[in-house]
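Reviewing the structure listed below.
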Amino acid sequence: MSQTIQAGSLNARQTYERIAAIYDVLDAPYEIVWKRGLRRRIFEGLGGEILDAGCGTGRNFVAFPDGVKVSGCDASAAMLARARARAENLGLLVELRRCDLTRLDWPDHRFDAIVATFVFACIEDHEQAAALSELRRVCKPDGEIRIVDYRLSPRPLARARQRLMSAWLQGTFAATYTPTTENHFDAAGLEVIDETFIRGDDLKMIRLRPGKAS
Ligand SMILES: C[S@@+](CC[C@H](N)C(=O)[O-])C[C@H]1O[C@@H](n2cnc3c(N)ncnc32)[C@H](O)[C@@H]1O
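Per my numbering, residue 1347 is the first one in the sequence shown, and the count goes up by one each step.
In structure tokens:
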């Protein structure tokens, strides 16, 4: 999709520090209507050690498969504080670290799987390759990375609605319907396993594996 919807610079780090206290309320309508149901599907089939990259307030925590060991990271301390409280409430042991996707502080080849939901849409073009390279670095050579984000719908009416919503998406969540993630897979040494629209024609899950060179 060549068309982009962007207005000004995205500054996710500051945005999420600011909105952490109300994030779950702002996102509740989406969470209740469809996100909650999809999260289990996103984690389906994953096992071993998993990284929830850009875990936010920990919305994915209810979807972890049985028996996995999960770590989470986020750039925002305020979002992580909420994730910590959620893990505690759910009785889950999740190792949470404050770190940026462009500079993860785990060693090479640590995780069997990495999941990033609604995160790469918040990462500016010039940082996408660095963030993807870091995911590849901490992923085991036979591991899997799953990235879920919005895309522009090909349907004119749906796309017009997205255009109306894009200012809200960007202003409130520092996110875009047109992340440039796919442009950077080669540079980051990642191979696409498959790409699936998991909700209508505007929410895509991309499954990736480290390329042969890793
Ligand atoms: C829309 S929220 C999604 C949170 C969660 N993954 C979910 O599915 O609800 C985006 C999260 O990505 C985090 N984030 C954005 N850019 C980041 C970066 N470069 N490094 C780490 N976290 C980042 C934000 O702080 C925020 O918590």
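Note that CB positions come from ideal geometry on N, CA and C, so glycine has one too. Quantities reported herein were computed from a predicted structural model and do not represent experimental measurements.
Inclusion of G1383 and D1398 in the CB contact set at 8 angstroms is not warranted, their separation being larger than that value.
T1524 carries a coil assignment under DSSP once its states are collapsed to helix, strand and coil. Cβ-Cβ distances below 6 angstroms link A1476 to T1448 in the same chain, with the five nearest sequence neighbours on each side left out; the list follows chain order. A1534 is a Cβ neighbour of L1478, given a cutoff of 8 angstroms.
For ligand 1, no non-hydrogen atom lies closer than 7 angstroms to the CB of A1475. The beta-carbon distance between R1509 and K1550, rounded to whole angstroms, is 18 angstroms. This is too long to meet the 8 angstroms contact definition. Nearest to G1400 by alpha-carbon distance, out of A1427, A1421, I1388, is A1421. In this structure, the beta-carbon distance from A1358 to I1388 does not fall below 8 angstroms. Counting the other CB atoms within 10 Å of its CB gives Y1523 a total of 16 or more, which places it among the buried residues.
Per the DSSP secondary-structure output, P1556 pairs in a beta bridge with L1536. Looking at the backbone, the Cα of G1391 and that of R1492 are separated by about 12 angstroms.
Counting only the Cα atoms, Y1362 lies some 12 angstroms from Q1516. DSSP, read as helix, strand or coil, puts G1383 in helix. By the CB criterion at 8 angstroms, D1458 and E1395 fall inside the cutoff.
Apart from sequence neighbours up to five positions away, the residues of its chain that approach G1557 with a beta-carbon distance below 7 angstroms are G1535, L1536, E1537, ordered along the chain. Looking from the CA of R1443, the closest CA among E1528, W1452, R1385 belongs to W1452.
Taken in chain order, the complete beta strand (DSSP E) segments of 3 or more residues contained in the stretch 1355–1413 are 1395–1399. Between L1426 and F1407 the beta-carbon gap is near 12 angstroms, outside 8 angstroms, which marks them as no contact. Looking at the DSSP output, M1551 bridges to V1494, T1542. A distance below 8 angstroms separates the beta carbons of A1429 and G1402. R1444: member of the beta strand (DSSP E) spanning 1440–1444, first to last residue.
Boundaries for D1471: no beta strand (DSSP E) harbours it, while the alpha helix (DSSP H) harbouring it runs 1471–1484, taken from the DSSP string. Excluding the 5 residues flanking it on each side, R1456 has same chain C-beta neighbours closer than 6 angstroms at V1484, in chain order.
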